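Trainee: Sharing a structure here in structure tokens format.
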Amino acid sequence: MTPFDGTSSFLFSNNAQHSSNSSTKALKLYGSPHSASTQQVQIILHEKNIPYELIDLDIMSDPEIQDLIRQPSSAPEDDGFTLCESRAICRYLATKYADQGTKLIPDAYNMKLGALFEQAVFTEVFAFEPYASKAVYEKVTKRSKGLAPDEAIFAGSVAALSSNLEGYENILSRQNYLAGDDLTLADLYHIPYGTKLTDAGSDIMTRKGPNITRWWTEISSRPSWAAVRNGEPVQA
7 MTPFDGTSSF LFSNNAQHSS NSSTKALKLY GSPHSASTQQ VQIILHEKNI
57 PYELIDLDIM SDPEIQDLIR QPSSAPEDDG FTLCESRAIC RYLATKYADQ
107 GTKLIPDAYN MKLGALFEQA VFTEVFAFEP YASKAVYEKV TKRSKGLAPD
157 EAIFAGSVAA LSSNLEGYEN ILSRQNYLAG DDLTLADLYH IPYGTKLTDA
207 GSDIMTRKGP NITRWWTEIS SRPSWAAVRN GEPVQA
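In the working numbering, the protein residues as written are 7 to 242.
Set out below in structure tokens:
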């Protein structure tokens with residue numbers, strides 16, 4: 007991953023833990039409310055209407071964080087199951103709660119839609135996040151730390167992202183979302199860093215073309231994102 011977006015931990019957000027077999031009991035999500043990775047998971051928790059408790063890593067001691075990192079992952083089971091990495095958590099939640107809330111992954115039997123979904127996920131991972139996160143690091147994270155941004159790195163990152171978004175415009179001219187005509191995780195993954203790009207002073211998400219503008223306006227206006235930004239977790 008590229009530069010972290012302003013928290014003290016390299017764990018991202020990404021310890022989600024089931025506390026019981028009941029979907030009405032809150033999960034525990036460890037992360038920073040300011041982290042794009044944490045926010046990715048929170049969006050999915052809201053889309054799937056899964057109650058959760060956010061444990062703020064920013065106020066935890068380094069030994070406590072290191073203890074979380076050392077916890078091994080295991081096969082998916084509810085009691086005591088822990089998992090790191092935001093996209094892995096999102097995929098787990100979207101799969102386990104497939105019939106709850108917004109459907110965010112294609113059915114396993116639909117190989118073509120599944121392949122398009124995987125393609126869209128990798129597009130975000132390799133064509134969007136590395137450049138968006140680097141630009142955000144320069145203008146948002148550094149500013150929060152009282153550091154001066156490197157304008158050349160910021161401009162270069164935005165320029166590279168701009169080139170990649172031309173492919174997005176082409177894809178979105180043929181379909182509603184990145185993986186087809188249905189919303190998926192691949193679309194929602196873009197929301198935190200896309201919003202932070204605006205905070206960094208870039209209008210790239212609304213000026214690359216009419217189809218990106220349509221898509222971005224829709225996904226960034228979802229109630230799930232409004233709830234995350236307002237610090238409103240799903241209640242049990």
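We put the beta carbon where it would ideally sit given N, CA and C, even for glycine. Computed from a prediction, not measured in an experiment: that's the story for all the values here.
Please report the straight-line C-alpha distance between S226 and T201, rounded to a whole angstrom.
Mentor: 8 Å
Trainee: At the level of alpha carbons, what is the spacing between G107 and A154?
Mentor: 43 Å
Trainee: Between A185 and V146, is the Cβ-Cβ spacing less than 8 Å?
Mentor: It is not a contact, given that the beta carbons lie outside the stated cut-off.
Trainee: Since N170 and A133 are thought to touch, with beta carbons under 8 Å apart, how far apart are those beta carbons, to the nearest angstrom?
Mentor: 4 Å
Trainee: Within the stretch 108 to 186, note down every full alpha helix (DSSP H) run reaching 4 residues or more, in order along the chain.
Mentor: 117 to 129, 135 to 142, 157 to 178
Trainee: Does T44 pass the burial test, meaning 16 or more other C-beta atoms within 10 Å, or should it be called exposed?
Mentor: buried
Trainee: Based on DSSP bridge pairs, tell me the residues matched to L60.
Mentor: According to DSSP, which records beta bridges pairwise, L60 is partnered with L35.
Trainee: For E53 and L194, which I take to be in contact (beta-carbon distance under 8 Å), what is that distance rounded to the nearest angstrom?
Mentor: 7 Å
Trainee: Going by C-alpha distance, which of K140, E238, E224, K151 is nearest S208?
Mentor: K140
Trainee: According to the Cβ coordinates, are L33 and I56 closer than 8 Å?
Mentor: L33 is a Cβ neighbour of I56, given a cutoff of 8 Å.
Trainee: Relative to the C-alpha of R228, which candidate in T190, R213, P216, A100 has its C-alpha closest?
Mentor: Of the candidates T190, R213, P216, A100, the one whose C-alpha sits nearest the C-alpha of R228 is T190.
Trainee: Excluding the five sequence neighbours on either side, which residues of its own chain have a C-beta within less than 6 Å of the C-beta of T212, listed in chain order?
Mentor: T219
Trainee: Which residues in the same chain have their Cβ closer than 8 Å to the Cβ of A104, if we skip the five residues on either side of it in sequence?
Mentor: I111
Trainee: Where do the N-terminal and C-terminal ends of the alpha helix (DSSP H) with L99 fall, by residue?
Mentor: 92 to 102
Trainee: Considering only their Cβ atoms, is the gap separating V131 from C96 smaller than 8 Å?
Mentor: No, Cβ-Cβ distance for C96 and V131 is not below 8 Å.
Trainee: From D156 to Q241, what distance separates their C-alpha atoms?
Mentor: Looking at the two C-alpha atoms, the distance is approximately 41 Å.
Trainee: Can you give me the start and stop residues for the alpha helix (DSSP H) that H52 sits inside?
Mentor: 42 to 53 is the span of the alpha helix (DSSP H), which, as asked, contains H52.
Trainee: Considering only the beta carbon of each residue, do A138 and Y58 sit closer than 8 Å?
Mentor: no
Trainee: Apart from the five residues on each side of it in sequence, which residues of its chain come closer than 7 Å, Cβ to Cβ, to L122?
Mentor: A185, G186
Trainee: Are W231 and I50 touching if we call contact CB-CB under 8 Å?
Mentor: no
Trainee: Excluding the 5 residues flanking T101 on each side, which residues of the same chain have their C-beta closer than 8 Å to its C-beta?
Mentor: I111
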